[in-house]
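This report refers to the structure that appears directly beneath it.
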Amino acid sequence: MNEEISADNPYSRLVALKKLGVVQNFDTIRQFSVAVVGLGGIGSVAAEMLVRCGIGKLVLFDYDTVELANMNRLFYKPEQRGKTKVQAAKETLEAINPDVVVHGYHFDITLVRSYDHFVQVLKTGSLDDSSAVHLVLSCVDNYNARSTINMVCNELRLTWFESGVSEDALSGHIQFMIPGVFACYSCVPPLLVASGVDESTLKREGVCAASLPTTMGIIAGLLVQNSLKYLLGFGQVSNYIGYNAWTDYFSTMTVKPNDSCPDSNCLHWQKVYQMEQLKKQSSEECDETVHSNVEAPIVHEDNEWSIQVVDDGFENGEQSSHVMEDKQKVAEEEQVGESYNDVLSQESLETQQLVKQLRSMR
Amino acid sequence: MDDHTKNTVQKLPLLSIRAGPRDKDKWNERLQEELNALIRYVQVNKEQDNDWFYIDCDETGVLWNGKCWYYLENVRYEFELTFEIPVSYPTTPPELVLPELQGKTAKMYRGGKICQTVHFQPLWLRNVPRFGIAHCLALSLGPWLAAEVPEMVGRGVLTSFAR
Numbered sequence: 110m111n112e113e114i115s116a117d118n119p120y121s122r123l124v125a126l127k128k129l130g131v132v133q134n135f136d137t138i139r140q141f142s143v144a145v146v147g148l149g150g151i152g153s154v155a156a157e158m159l160v161r162c163g164i165g166k167l168v169l170f171d172y173d174t175v176e177l178a179n180m181n182r183l184f185y186k187p188e189q190r191g192k193t194k195v196q197a198a199k200e201t202l203e204a205i206n207p208d209v210v211v212h213g214y215h216f217d218i219t220l221v222r223s224y225d226h227f228v229q230v231l232k233t234g235s236l237d238d239s240s241a242v243h244l245v246l247s248c249v250d251n252y253n254a255r256s257t258i259n260m261v262c263n264e265l266r267l268t269w270f271e272s273g274v275s276e277d278a279l280s281g282h283i284q285f286m287i288p289g290v291f292a293c294y295s296c297v298p299p300l301l302v303a304s305g306v307d308e309s310t311l312k313r314e315g316v317c318a319a320s321l322p323t324t325m326g327i328i329a330g331l332l333v334q335n336s337l338k339y340l341l342g343f344g345q346v347s348n349y350i351g352y353n354a355w356t357d358y359f360s361t362m363t364v365k366p367n368d369s370c371p372d373s374n375c376l377h378w379q380k381v382y383q384m385e386q387l388k389k390q391s392s393e394e395c396d397e398t399v400h401s402n403v404e405a406p407i408v409h410e411d412n413e414w415s416i417q418v419v420d421d422g423f424e425n426g427e428q429s430s431h432v433m434e435d436k437q438k439v440a441e442e443e444q445v446g447e448s449y450n451d452v453l454s455q456e457s458l459e460t461q462q463l464v465k466q467l468r469s470m471r
Numbered sequence: 592m593d594d595h596t597k598n599t600v601q602k603l604p605l606l607s608i609r610a611g612p613r614d615k616d617k618w619n620e621r622l623q624e625e626l627n628a629l630i631r632y633v634q635v636n637k638e639q640d641n642d643w644f645y646i647d648c649d650e651t652g653v654l655w656n657g658k659c660w661y662y663l664e665n666v667r668y669e670f671e672l673t674f675e676i677p678v679s680y681p682t683t684p685p686e687l688v689l690p691e692l693q694g695k696t697a698k699m700y701r702g703g704k705i706c707q708t709v710h711f712q713p714l715w716l717r718n719v720p721r722f723g724i725a726h727c728l729a730l731s732l733g734p735w736l737a738a739e740v741p742e743m744v745g746r747g748v749l750t751s752f753a754r
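Residue numbers (this note's numbering), protein chains in the order written: chain F, 110 to 471; chain H, 592 to 754.
Next comes the structure, spelled out in structure tokens:
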């Protein structure tokens with residue numbers, strides 16, 4: 110990264126971060142590779158931000174083409190209509206910063222036939238193709254694609270951010286996911302945790318959904334801001350940020366993993382993480398002569414305004430209550446279906462015979 | 592959900608295997624459960640004189656094709672139906688596609704995927720892995736047709752689909 114402060118150096122204002130002592134190691138950004146899945150209103154803008162920051166490599170995924178209906182959001186231009194989003198984005202991003210390596214993949218990640226390819230690309234996505242991408246940004250607009258990203262990241266133990274904007278265009282969120290450390294997308298649906306906003310109200314492409322460049326720009330900004338903090342190791346990375354545009358309300362919280370998560374890889378990494386923590390703890394115990402497991406309550410010298418810390422119930426209570434609710438519903442549904450289980454067990458026909466039978470019913 | 596749909600769905604066997612197309616052996620078990628539920632569903636429909644779709648899959652059980660139809664004022668409107676089992680199945684339901692209806696209604700995503708997010712996805716999520724393709728047809732496509740076909744007929748965009 111060119112360290113000269115001059116009007117002709119595109120990195121001039123970024124290098125200033127270093128010179129001012131804000132981010133000492135900003136130039137290490139050149140070593141990182143980030144995957145952006147979904148190049149819509151959030152993904153394309155996030156990609157542009159990373160490119161302008163001088164990221165080492167971007168790996169882009171999208172199966173869509175540019176349409177005039179995309180013009181209410183940032184990044185794409187009307188003359189790019191009809192091009193694949195991957196192609197259009199690659200051209201724009203490479204023109205903005207030729208130093209960045211941009212790889213684009215035009216396929217639908219939710220299909221069974223593309224899954225192995227998707228895994229392979231992420232696994233070998235680093236700058237020298239020898240290891241995985243450093244971070245995955247989920248900027249997709251539907252539940253299937255989010256679940257697929259969750260599956261892959263839990264399989265490969267990739268760190269990722271989930272992001273989304275609601276179908277009414279006026280709220281959004283980002284969530285930081287480290288397999289085993291924080292809740293994954295299957296542990297508990299993120300929006301349900303946040304505010305009781307139903308997952309089904311998440312925005313997706315189509316005539317059903319509204320969108321605004323403002324909300325999407327804000328969410329893209331929060332997404333990349335936290336990505337930079339994570340990659341470069343400055344500040345504090347938020348586990349969850351919710352944004353409500355009606356009242357300009359921002360909520361942040363930490364969502365712990367669910368020990369009955371249906372994703373077996375998530376459970377595996379939870380155990381690995383617990384082991385790692387125990388190891389760390391025991392080595393710390395060896396180091397310290399006095400050690401207490403119980404955290405002492407913090408008592409401040411004065412408390413002029415009688416400020417109290419009140420449990421908001423989010424960290425444990427709220428999360429588990431949703432899980433409990435779901436489990437209860439599951440139990441209820443199971444009762445409804447019980448009487449039909451014996452019908453199933455009597456049927457032990459081969460799959461092909463069943464297909465034939467179904468065909469014959471036409 | 593109307594009572595008729597509810598009664599019908601209660602007659603369908605619930606599935607138990609949590610497996611998707613990548614799970615090889617277990618997927619075959621799941622596929623057998625799917626086919627049994629579908630066969631049962633078609634039987635129930637025929638008994639009630641309410642046959643409204645037929646469906647068939649490829650040898651992997653991933654690609655599905657068929658037709659569905661809806662009667663309105665004694666006219667039968669028939670549509671091609673197709674979908675793929677997603678890699679994240681059964682965590683996420685299949686996205687049902689009526690390719691011929693693309694652009695004819697607002698309740699549809701690109702490529703002719705019917706809009707099932709609001710009324711169906713939350714229900715599916717609460718019923719993984721017990722719901723399968725049969726439940727998806729009953730609880731997603733059925734109500735969608737009942738709501739959208741009359742609206743489209745009213746706008747006169749379905750005349751070429753009348754049988």
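Ideal placement from N, C-alpha and C gives every residue a C-beta, glycine not left out. Being a predicted model, the structure only gives us computed values, none of them experimental.
query                                                                                                                                                                                          : result
So, using beta-carbon positions, are residue 603 of chain H and residue 645 of chain H closer together than 8 Å?                                                                               : no
Unbroken alpha helix (DSSP H) runs of length 4 or more, entirely within the region 241-292 of chain F: which are they?                                                                         : 252-265
Below 8 Å on C-beta distance, what does residue 460 of chain F contact in chain H?                                                                                                             : 619, 622, 623, 626, 652
Going by DSSP, name the residue or residues bridged to residue 323 of chain F.                                                                                                                 : Residue 323 of chain F pairs with nothing; no bridge assigned.
Could you tell me if residue 60 of chain F is buried or exposed, where buried requires 16 or more neighbouring beta carbons within 10 angstroms of its beta carbon?                            : It is not possible to answer for residue 60 of chain F, since the shown part of chain F is limited to 110 through 471.
Using the Cβ count rule (16 or more neighbours within 10 Å means buried), how would you classify residue 731 of chain H?                                                                       : buried
Please report whether the beta-carbon of residue 224 of chain F lies at a distance below 8 Å from any beta-carbon of chain H.                                                                  : yes
Nearest by alpha-carbon distance to residue 322 of chain F: which of F:172, F:278, F:348 is it?                                                                                                : F:278
Taking the alpha helix (DSSP H) that residue 715 of chain H belongs to, which residues open and close that run?                                                                                : 712-716
Measure the C-alpha to C-alpha separation of residue 133 of chain F and residue 122 of chain F and round it to an integer number of angstroms.                                                 : 14 Å
Whole beta strand (DSSP E) runs in the region 159-245 of chain F with 3 or more residues, listed along the chain?                                                                              : 166-170, 210-214
Show which residues of chain F have a CB atom less than 7 Å away from the CB atom of residue 679 of chain H.                                                                                   : 219, 253, 256, 257, 260
Whose CA, out of H:700, H:736, H:748, lies closest to the CA of residue 658 of chain H?                                                                                                        : H:736
For residue 673 of chain H and chain F, any beta-carbon pair shorter than 8 Å?                                                                                                                 : no
Check the DSSP bridge columns for residue 677 of chain H and list the partner residues they point to.                                                                                          : F:220
Leaving aside the five residues before and after residue 599 of chain H along the sequence, list all residues of the same chain whose C-beta is less than 7 Å from its C-beta, in chain order. : 635, 729
Does the Cβ-Cβ distance between residue 630 of chain H and residue 466 of chain F come in under 8 Å?                                                                                           : yes
Under DSSP, the alpha helix (DSSP H) around residue 597 of chain H begins and ends at which residues?                                                                                          : 594-601
Check the DSSP bridge columns for residue 362 of chain F and list the partner residues they point to.                                                                                          : F:349
Going along chain H in order, which residues have a C-beta closer than 7 Å to the C-beta of residue 471 of chain F?                                                                            : 645
So that I know if they touch, is there some Cβ in chain H lying closer than 8 Å to that of residue 466 of chain F?                                                                             : yes
Where residue 597 of chain H and residue 221 of chain F are concerned, what is the direct C-alpha to C-alpha distance, given to the nearest angstrom?                                          : 31 Å
On a Cα-Cα basis, can you pick out the residue from F:261, F:138, F:377, F:141 that is closest to residue 226 of chain F?                                                                      : F:261
Give the straight-line distance between the Cα atoms of residue 315 of chain F and residue 266 of chain F, rounded to the nearest whole angstrom.                                              : Residue placement at residue 315 of chain F is poorly supported in this model, since its pLDDT is 47, which falls under 50; the coordinates are not used for a value here.
State the Cα-Cα distance for the pair residue 198 of chain F and residue 665 of chain H, rounded to the nearest angstrom.                                                                      : 51 Å
In chain order, what residues of the same chain have a beta carbon less than 7 Å from the beta carbon of residue 426 of chain F, not counting five sequence neighbours either side?            : Low confidence applies here, because residue 426 of chain F scores a pLDDT of 38, under 50, leaving its location unreliable; read the following figure in that light. So no residue of the chain qualifies.
Residue 295 of chain F touches chain H at which residues, Cβ-Cβ below 9 Å?                                                                                                                     : 682
In whole angstroms, give me the CA-to-CA distance for residue 593 of chain H and residue 194 of chain F.                                                                                       : 42 Å
Taking DSSP's pairing of strands, which residues face residue 644 of chain H in a bridge?                                                                                                      : H:659
Specify the secondary structure class of residue 116 of chain F as computed by DSSP and reduced to three states.                                                                               : coil
Counting C-beta neighbours from all protein chains within 10 Å, is the total for residue 384 of chain F 16 or more, i.e. buried, or is it exposed?                                             : exposed
Can you tell me where the beta strand (DSSP E) with residue 738 of chain H in it begins and where it stops?                                                                                    : Where residue 738 of chain H is concerned, there is no enclosing beta strand (DSSP E), although the alpha helix (DSSP H) it sits in stretches over 733-745.
Quick check: the Cα distance between residue 147 of chain F and residue 682 of chain H, rounded to an integer number of angstroms?                                                             : 20 Å
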